[in-house]
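Participant: Sharing a structure with you now.
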Amino acid sequence: MKRLILLVLAVLLCSSATVFAVPYQGYLFDYWSETVPAPEAYVPAKILSGTDLGVGSFNNPQDLFIDNDYIYVLDSGNNRIVVFDHDWNFVREIKEFVNSNGDMDGFNNPRGIFVTDSGNLYVADQNNRRVVELGPDGSWIRYVGEPTTDIEGVIPEGFRYRPRKIAVDIAERMYVISDGTFDGILEFDPAGNFRGFIGAPRIKPNLIDYFWSRVATKEQRRRRVLFLPTEYSNMYIDESGFIFSTVSGLSTDETDAIRRLNPSGKDVLRRQGFEPPIGDVQYPYAGLGATIEGRSVFIDVVSRDNGIYSALDIRRSRVFTYDSNGSLLYVFGGV
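The following block contains the structure:
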């Protein structure tokens, strides 16, 4: 089991321990895309802070991983990993390690963490522009540095490697999401060699953009923002080895907010519900004066048994859960 994206991210960012009533109403969408009330699938039980847990204040925690034994909190602002058991008892802190040269080293704004079945930790160490592999006890194993290739054009000109999320499959292939990268997810073989990009998100200009491209002058077209494939925000490898992923940004096709990539990088996610799995289907557009405007923006995803998966919407702090066909099962959370 990977990360508890459903509740614990909100738990970690809050400041005190408490128990409270349900602060939101569950809902679904009917055939006509209208909102209808529904029971709350999950309700908040407790809020925990680093101080409550006896490890000092968390500072901008960016990732979380749960396996059969431990909970790993990536406390990015403090450049550390804090490990707890499943009862939230402190186990250890990983902040420094000794590399092969015998030098003491550490993280610099780590953004993503993955733990294998054998207990090895992979950390996307963003500002050091590398992935760090550690043993179960936090001892250093290796660095996986920036991608390199002899094939011209594979790595775009001006590319800057800023690893944000990391996942590892059963064959020990590494998949990395790098900030500001529009070419897809980076794939590395078990030895750490760069193999290429997979699953570049497609773009979908609307009719207004198409019309403008036909009537605008050359100078007007030059000044317009380019349509770039937008970047992935997170990923999760399911039990079949496929990569569930979330796509951020507004220049992508809205139905691509969640993708499921097969080994060749093709999106095979089923979208057979009343609405595609895009989060809220009714929302205030920008400029209407609403407190929160715009469509859902997914920043994390996790799959479970029978093809069920959940995605976290950062815009309205909601979790949307879908079945294997893309039908909405429930929604909980909110601001």
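Mapped onto this note's numbering, the consecutive letters of the sequence shown carry residue numbers 4 to 338. We put the beta carbon where it would ideally sit given N, CA and C, even for glycine.
1) Does the beta-carbon distance from residue 79 to residue 64 come in below 8 Å?
2) Tell me the rounded alpha-carbon separation between residue 306 and residue 239.
3) Put residue 308 into one of helix, strand or coil per three-state DSSP.
4) Within the same chain, show all residues whose beta-carbon is closer than 6 Å to that of residue 236, passing over the 5 residues directly before and after it, in chain order.
5) Run through DSSP, which three-state label would residue 336 get?
6) How about residue 332 and residue 324: do their beta carbons lie closer than 8 Å?
7) Closest to residue 133 by CA distance: which of 33, 107, 145 and 272 is it?
8) Could you have a look at residue 237 and say whether DSSP puts it in helix, strand or coil?
9) On the DSSP bridge list, what partners appear for residue 115?
10) Return the bridge partner residues of residue 96 from the DSSP annotation.
11) Please report how far the alpha carbon of residue 175 lies from the alpha carbon of residue 192, in whole angstroms.
12) In the DSSP assignment, find the unbroken beta strand (DSSP E) run with residue 184 in it and report its ends.
13) Could you give the DSSP three-state label for residue 313: helix, strand or coil?
14) Measure the C-alpha to C-alpha separation of residue 202 and residue 35 and round it to an integer number of angstroms.
15) Nearest to residue 114 by CA position, among 260, 94, 180 and 43, is which residue?
16) Would you mind sorting residue 166 into buried or exposed? The rule is 16 or more other CB atoms within 10 Å of its CB.
17) Taking only three categories from DSSP, how would you classify residue 294?
18) Our contact map puts residue 112 next to residue 130 with C-beta atoms below 8 Å; I'd like the distance itself, whole angstroms only.
19) Helix, strand or coil: how does DSSP classify residue 55 here?
20) Between the C-alpha atoms of residue 48 and residue 26, what's the straight-line distance to the nearest angstrom?
21) Please return the same chain residues whose Cβ sits closer than 8 Å to the Cβ of residue 74, not counting the five positions on each side in sequence.
22) Keeping to the same chain, check which residues put their C-beta closer than 8 Å to that of residue 29; ignore five residues upstream and five downstream.
23) Beta-carbon separation of residue 99 and residue 106 under 8 Å?
24) Excluding sequence positions up to five away, which residues of its chain have a Cβ less than 8 Å from the Cβ of residue 311?
25) For the putative contact between residue 160 and residue 147, defined by C-beta atoms under 8 Å, what is the C-beta separation to the nearest angstrom?
Facilitator: With the given structure in hand:
1) Numbered from its first residue, the sequence shown carries residue 79 at position 76. Numbered from its first residue, the sequence shown carries residue 64 at position 61. Against a cut-off of 8 Å, the Cβ pair of residue 64 and residue 79 comes out as a contact.
2) On the sequence shown, position 303 is the one that residue 306 refers to. On the sequence shown, position 236 is the one that residue 239 refers to. A direct Cα-Cα distance of roughly 7 Å separates residue 306 from residue 239.
3) In the sequence shown, the residue the question calls residue 308 occupies position 305. DSSP places residue 308 in helix when its eight states are reduced to three.
4) For the purposes of this step, residue 236 is taken as the residue at position 233 of the sequence shown. Excluding sequence neighbours, residue 236 sits near 249, 251 and 302.
5) As a first step, residue 336 must be located in the sequence shown, where it is residue number 333. In the structure shown, the three-state DSSP call for residue 336 is strand.
6) Against the sequence shown, residue 332 aligns to sequence position 329. Against the sequence shown, residue 324 aligns to sequence position 321. Going by beta carbons, residue 332 and residue 324 fall inside the 8 Å limit.
7) On the sequence shown, residue 133 is found 130 positions in, with the first residue counted as 1. The residue with the shortest Cα to Cα distance from residue 133 is 145.
8) Here residue 237 refers to the residue found at position 234 of the sequence shown. Reduced to three states, the DSSP call for residue 237 is strand.
9) The count along the sequence shown starts at 1 and reaches residue 115 at position 112. Partner residues in the beta bridge of residue 115, as assigned by DSSP, are 127.
10) Numbered from its first residue, the sequence shown carries residue 96 at position 93. DSSP output for residue 96 lists 85 as bridge partner(s).
11) Looking up residue 175 in the sequence shown gives position 172. Looking up residue 192 in the sequence shown gives position 189. Straight across, the Cα-Cα distance linking residue 175 with residue 192 is about 7 Å.
12) In the sequence shown, the residue the question calls residue 184 occupies position 181. Looking at the DSSP string, residue 184 is not in any beta strand (DSSP E), and its letter there is neither H nor E.
13) Taking the sequence shown and counting its residues from 1, the one referred to as residue 313 is at position 310. Here DSSP, grouped into helix, strand and coil, assigns residue 313 to strand.
14) Locating residue 202 in the sequence shown gives position 199, where the first residue counts as 1. Locating residue 35 in the sequence shown gives position 32, where the first residue counts as 1. Answer to the nearest angstrom: the Cα atoms are 32 Å apart.
15) For the purposes of this step, residue 114 is taken as the residue at position 111 of the sequence shown. Checking every option, the nearest Cα to that of residue 114 belongs to 180.
16) Position 163 of the sequence shown, counted from the first residue, corresponds to residue 166. Counting every other CB atom within 10 Å of its CB across the protein chains shown gives residue 166 a total of 16 or more, marking it as buried.
17) Residue 294 sits at position 291 when you count from the first residue of the sequence shown. In the structure shown, residue 294 falls within a coil segment according to DSSP collapsed to helix, strand and coil.
18) Residue 112 sits at position 109 when you count from the first residue of the sequence shown. Residue 130 sits at position 127 when you count from the first residue of the sequence shown. Confirmed, about 4 Å.
19) Working through the sequence shown from its first residue, we reach residue 55 at position 52. Under the three-state reduction of DSSP, residue 55 is assigned to coil, being neither helix nor strand.
20) As a first step, residue 48 is located in the sequence shown; it is residue number 45 there, counting from the start. As a first step, residue 26 is located in the sequence shown; it is residue number 23 there, counting from the start. Looking at the backbone, the Cα of residue 48 and that of residue 26 are separated by about 11 Å.
21) Within the sequence shown, numbered from 1, the residue matching residue 74 stands at position 71. Residues of the same chain with a CB within less than 8 Å of the CB of residue 74, apart from the 5 flanking positions on each side, are 7, 11, 67, 68, 86, 87, 88, 89 and 91 in chain order.
22) Position 26 of the sequence shown, counted from the first residue, corresponds to residue 29. The answer, listed in chain order, is 40, 41, 42, 43, 44, 333, 334 and 335.
23) As a working mapping, residue 99 is identified with position 96 in the sequence shown. As a working mapping, residue 106 is identified with position 103 in the sequence shown. Taking 8 Å as the Cβ cut-off, residue 99 and residue 106 do not qualify as a contacting pair.
24) Here residue 311 corresponds to residue number 308 of the sequence shown, with the count starting at 1. Cβ neighbours of residue 311 beyond the five flanking positions: 324, 325, 326, 327 and 332.
25) Working through the sequence shown from its first residue, we reach residue 160 at position 157. Working through the sequence shown from its first residue, we reach residue 147 at position 144. The distance from the Cβ of residue 160 to that of residue 147 is about 23 Å, inconsistent with a contact at the 8 Å cut-off.
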